[in-house]
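Colleague: Note that the working numbering gives residue 65 to position 51 of the sequence shown, counting from 1, and the numbers run on in steps of one.
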Amino acid sequence: MKLKPQTNQEYSVSITLEELARQTCIPLSEAKEAIKELEERKLITVISHPLSVPRYIINLKEIERQAGTIRTRGA
Numbered sequence: 015m016k017l018k019p020q021t022n023q024e025y026s027v028s029i030t031l032e033e034l035a036r037q038t039c040i041p042l043s044e045a046k047e048a049i050k051e052l053e054e055r056k057l058i059t060v061i062s063h064p065l066s067v068p069r070y071i072i073n074l075k076e077i078e079r080q081a082g083t084i085r086t087r088g089a
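#1: Would you check if the segment 75-82 and the segment 38-46 touch, i.e. whether three or more CB-CB distances between them fall below 8 Å?
#2: Apart from the five residues on each side of it in sequence, which residues of its chain come closer than 8 Å, Cβ to Cβ, to Thr59?
#3: Taking Cβ positions, are Pro68 and Ile77 nearer each other than 8 Å?
#4: Would you say the beta carbon of His63 comes nearer than 7 Å to a heavy atom of the ligand PLP?
#5: Residues bridged to Val67 by DSSP?
#6: For Leu31 versus Lys50, is the C-beta distance shorter than 8 Å?
#7: At what residues does the beta strand (DSSP E) containing Thr59 begin and finish?
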């Protein structure tokens, strides 16, 4: 899995769910649920094309924002 810079706050990753599950040692069903959760929280955007591997755009700015919110709540 190789990150390709998009902007200062986004990275693009092309990987199959099967490969994601294998590399993270989690079951495929859990990997699918994790991707759905990340999409709902606006942490990634999934771009799918019928003839290619899905591309996941990771939103680093939103991840940092939500992490800051979580830290603030816990303090």
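The beta-carbon is built from N, C-alpha and C at its ideal position, and this holds for glycine as well.
Remember, predicted model here, so these are calculated numbers, not experimental data.
Modeller: According to the structure data:
#1: no
#2: Stepping through the sequence shown from its first residue, residue 59 is reached at position 45. The residues are Glu53, Tyr70, Ile71 and Asn73.
#3: Residue 68 sits at position 54 when you count from the first residue of the sequence shown. Residue 77 sits at position 63 when you count from the first residue of the sequence shown. No. Outside cutoff.
#4: This structure does not include the ligand PLP; it has no bound ligands of any sort.
#5: As a working mapping, residue 67 is identified with position 53 in the sequence shown. Looking at the DSSP assignment, Val67 forms no beta bridge with any residue, so it has no partner.
#6: As a working mapping, residue 31 is identified with position 17 in the sequence shown. As a working mapping, residue 50 is identified with position 36 in the sequence shown. Going by C-beta atoms, Leu31 is not nearer than 8 Å to Lys50.
#7: Position 45 of the sequence shown, counted from the start, is the residue given in the question as residue 59. Start and end: Ile58 to Ile61.
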